[in-house]
Amino acid sequence: MLSFQSIKEFIDTFHREGRLLTELFDKRNLRVRYDDALLLTDEKEDRLELLINRTVLIRNGEFLEIESRYLDFFEDILDVNTEINTAFVFENIENIKANMNFYIDESNENRRYNYLRKIKSDIRKTGRTVIRNIIDLGRNIEDIYKTEPTYKIKISKLQRYETKGNDISSLIEKTHNLVFEQESLFFTSAMDEELKRIRNELRIQLNDGRNHLVEIQKQVIDYLNQIRRQSDFIKKLQRIKYLKDQFELISKTNVQSVIGELNPVSFEPNPIYGLKLSLEMLESDEALDIIKKVKAKIKHGKSLKLPSAPAFLPEHLEAEVDNEVIVDLEAVKNGFLAAGRDLFDFVMQYDFPKNLEFGEKVTIFCQLISLYPKEIELSDNYAETSDIEYVIAYPKQ
Numbered sequence: 012m013l014s015f016q017s018i019k020e021f022i023d024t025f026h027r028e029g030r031l032l033t034e035l036f037d038k039r040n041l042r043v044r045y046d047d048a049l050l051l052t053d054e055k056e057d058r059l060e061l062l063i064n065r066t067v068l069i070r071n072g073e074f075l076e077i078e079s080r081y082l083d084f085f086e087d088i089l090d091v092n093t094e095i096n097t098a099f100v101f102e103n104i105e106n107i108k109a110n111m112n113f114y115i116d117e118s119n120e121n122r123r124y125n126y127l128r129k130i131k132s133d134i135r136k137t138g139r140t141v142i143r144n145i146i147d148l149g150r151n152i153e154d155i156y157k158t159e160p161t162y163k164i165k166i167s168k169l170q171r172y173e174t175k176g177n178d179i180s181s182l183i184e185k186t187h188n189l190v191f192e193q194e195s196l197f198f199t200s201a202m203d204e205e206l207k208r209i210r211n212e213l214r215i216q217l218n219d220g221r222n223h224l225v226e227i228q229k230q231v232i233d234y235l236n237q238i239r240r241q242s243d244f245i246k247k248l249q250r251i252k253y254l255k256d257q258f259e260l261i262s263k264t265n266v267q268s269v270i271g272e273l274n275p276v277s278f279e280p281n282p283i284y285g286l287k288l289s290l291e292m293l294e295s296d297e298a299l300d301i302i303k304k305v306k307a308k309i310k311h312g313k314s315l316k317l318p319s320a321p322a323f324l325p326e327h328l329e330a331e332v333d334n335e336v337i338v339d340l341e342a343v344k345n346g347f348l349a350a351g352r353d354l355f356d357f358v359m360q361y362d363f364p365k366n367l368e369f370g371e372k373v374t375i376f377c378q379l380i381s382l383y384p385k386e387i388e389l390s391d392n393y394a395e396t397s398d399i400e401y402v403i404a405y406p407k408q
């Protein structure tokens, strides 16, 4: 493994390969092939091999990725790191505490100054890292809630981030105790204008961090409660759908008595209101003529004749037969259990009695999962095809 010999060599190399590194960083969550990366170095393999030898890039078979140190560096600088790093802050606190003791015990002014400079730098890093961790925590929690499709994994990840939030809260209190309550001897002897300003900035950062952390922890609890409610509701809905499809909903549930006790407005019949003529219409000459005609017929006992519908034609009375081919879901299910394959792939290749569109086959796939949950096992894996994502399902063993 080779390393860069100077800062100039490091900067020149990164500047020359900026297009390649930018592309790899933008696609850091994807896999980039070696041949595709070679195109970004003007197909000069020696330039690509130089980055691999300098451990800037890691080659894994036919794929390339940025080495973790440089990837962490880019993510920290651009503030896009998704990892919550509490260990760094714990280590920083220990370094601050140790350097404070070294400062007090040291008699040489130059060495005391070096210890003080390290303490100031570590205090700045601690404040920045705590705030960045809180921002990353909030962003990660929102992303997980909105994008994670599996309920079980979503709950597990949110609970993990809830623990991370508690760790950050503990870090804030430890940092506050160290800088503002403990080590009074050090701050009395070493206090200067710069250290005073750094302490004030840290105090503001810690207070802001506490407030943001409280809001994030409330949001996590709210998200977890929403997920559990949604999960329970979907399970009940699936059970009701299954009983309805099996024609057992009324016999195995109290749905009739529950609905019978309800009296919402939606169950009421639609009222029919008589058509009232406007005053302007009644005052017109046309309305007066109509009223006179109606009055004359009523006076002479004549019944008003309503227009009758035309007679039925002979062809209207001829019987018509409409044949429809029905898909036997039970037969499809039995074939799937015998085949022992992935359900989606089985449905797509099944020989149905009539030609079905892709969307109709997807509907049958969903119906089978809904109707036969005891015989079909859903895995935690998903696949994509034709712009849809579906769960991998197999026969239960």
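Every letter in the sequence shown is one number past the one before it in my numbering, and letter 62, counting from 1, is 73. Think of the CB as a built atom: it goes at the ideal place given N, C-alpha and C, for glycine as much as any other residue.
Sequence-distant residues of the same chain with beta carbon closer than 8 Å to residue i, five excluded per side
| i | result |
| --- | --- |
| Tyr172 | Ile95, Leu148, Asn151, Ile152, Ile155, Val231 |
| Leu254 | Leu260, Lys263, Thr264 |
| Gln241 | Tyr162 |
| Asn392 | Val402, Ile403 |
| Leu61 | Thr24 |
| Leu379 | Leu340, Val343, Lys344, Phe347, Leu354, Val358, Ile387 |
Other residues of its chain near residue i: CB distance less than 6 Å, five sequence neighbours each side excluded
| i | result |
| --- | --- |
| Phe191 | none |
| Ser381 | Lys252 |
| Asp256 | Leu382 |
| Gln228 | Gly176 |
Residue from the options with nearest C-alpha to residue i
| i | options | result |
| --- | --- | --- |
| Gly220 | Ile245, Thr137, Ile270 | Thr137 |
| Met9 | Glu194, Tyr361, Tyr253 | It is not possible to answer for residue 9, since the shown part of the chain is limited to 12 through 408. |
| Thr161 | Ala98, Arg239, Leu217 | Arg239 |
| Phe347 | Pro406, Phe74, Arg214 | Pro406 |
| Leu49 | Glu28, Phe197, Phe36 | Glu28 |
| Leu354 | Asp46, Leu389, Phe323, Glu205 | Leu389 |
| Leu340 | Ala322, Asp398, Gly370, Cys377 | Cys377 |
| Ile145 | Ser180, Asp243, Ser167, Ile115 | Ser180 |
| Gln170 | Ala342, Leu206, Asp233 | Asp233 |
| Lys163 | Asp46, Asp243, Glu76, Thr97 | Asp243 |
| Asp33 | Phe85, Arg65, Asn64, Leu273 | In the sequence as presented, Asp is not what sits at residue 33; that position holds Thr. Cα-wise, what sits closest to Thr33 is Phe85. |
| Ser132 | Lys372, Ser118, Arg208 | Arg208 |
| Thr409 | Asp87, Asp53, Leu235, Ser167 | Since the first and last residues shown for the chain are 12 and 408, residue 409 lies out of range. |
| Lys168 | Leu235, Asp53, Ile245 | Leu235 |
| Ser289 | Glu226, Ala298, Lys247, Ile403 | Ala298 |
| Phe25 | Val305, Tyr81, Thr396, Ile399 | Tyr81 |
| Gly370 | Glu400, Ala342, Ile387, Arg352 | Glu400 |
| Met202 | Arg65, Val373, Arg123 | Arg123 |
| Val343 | Ile387, Asp300, Asp296, Leu68 | Ile387 |
| Ala109 | Asp300, Gly271, Leu189, Leu62 | Leu189 |
Neighbourhood of residue i by C-beta, 7 Å cutoff - its chain only, sequence neighbours within 5 removed
| i | result |
| --- | --- |
| Phe113 | Tyr126 |
| Ala350 | Phe357 |
Under the three-state DSSP convention, the category residue i falls into
| i | result |
| --- | --- |
| Tyr10 | Within the shown structure, residues of the chain are numbered from 12 to 408, placing residue 10 beyond reach of any answer. |
| Ala320 | coil |
| Ile7 | Lying outside 12 to 408, the shown extent of the chain, residue 7 is not represented and no answer is given. |
| Asp391 | strand |
| Phe113 | helix |
| Tyr156 | helix |
| Leu379 | helix |
| Arg139 | helix |
| Pro325 | helix |
| Phe99 | helix |
| Ile337 | coil |
| Arg44 | strand |
| Glu194 | coil |
| Leu13 | coil |
| Leu50 | helix |
| Leu288 | coil |
| Glu297 | helix |
| Glu76 | strand |
Contact test: residue i Cβ vs the ligand ADP heavy atom, cutoff 6 Å
| i | result |
| --- | --- |
| Arg135 | As far as ligands go, the structure on display features none, and thus does not contain the ligand ADP. |
First and last residue of the uninterrupted beta strand (DSSP E) at residue i
| i | result |
| --- | --- |
| Ile88 | No beta strand (DSSP E) contains Ile88, which is instead part of the alpha helix (DSSP H) from 79-89. |
| Ser397 | Note, Ser397: premise wrong, no beta strand (DSSP E); not H, not E. |
| Leu367 | It is not in any beta strand (DSSP E) - Leu367 carries neither H nor E in the DSSP assignment. |
| Ile69 | 68-71 |
Host alpha helix (DSSP H) of residue i (start-end)
| i | result |
| --- | --- |
| Ile22 | 18-27 |
| Gly220 | 204-256 |
| Lys412 | Because residue 412 is not part of the residues shown, which for the chain are 12 to 408, the question remains open. |
| Ile95 | Careful: Ile95 lies outside any alpha helix (DSSP H) and carries neither H nor E. |
| Asp57 | 56-64 |
| Glu341 | 340-350 |
| Gln267 | 266-272 |
| Lys263 | 260-263 |
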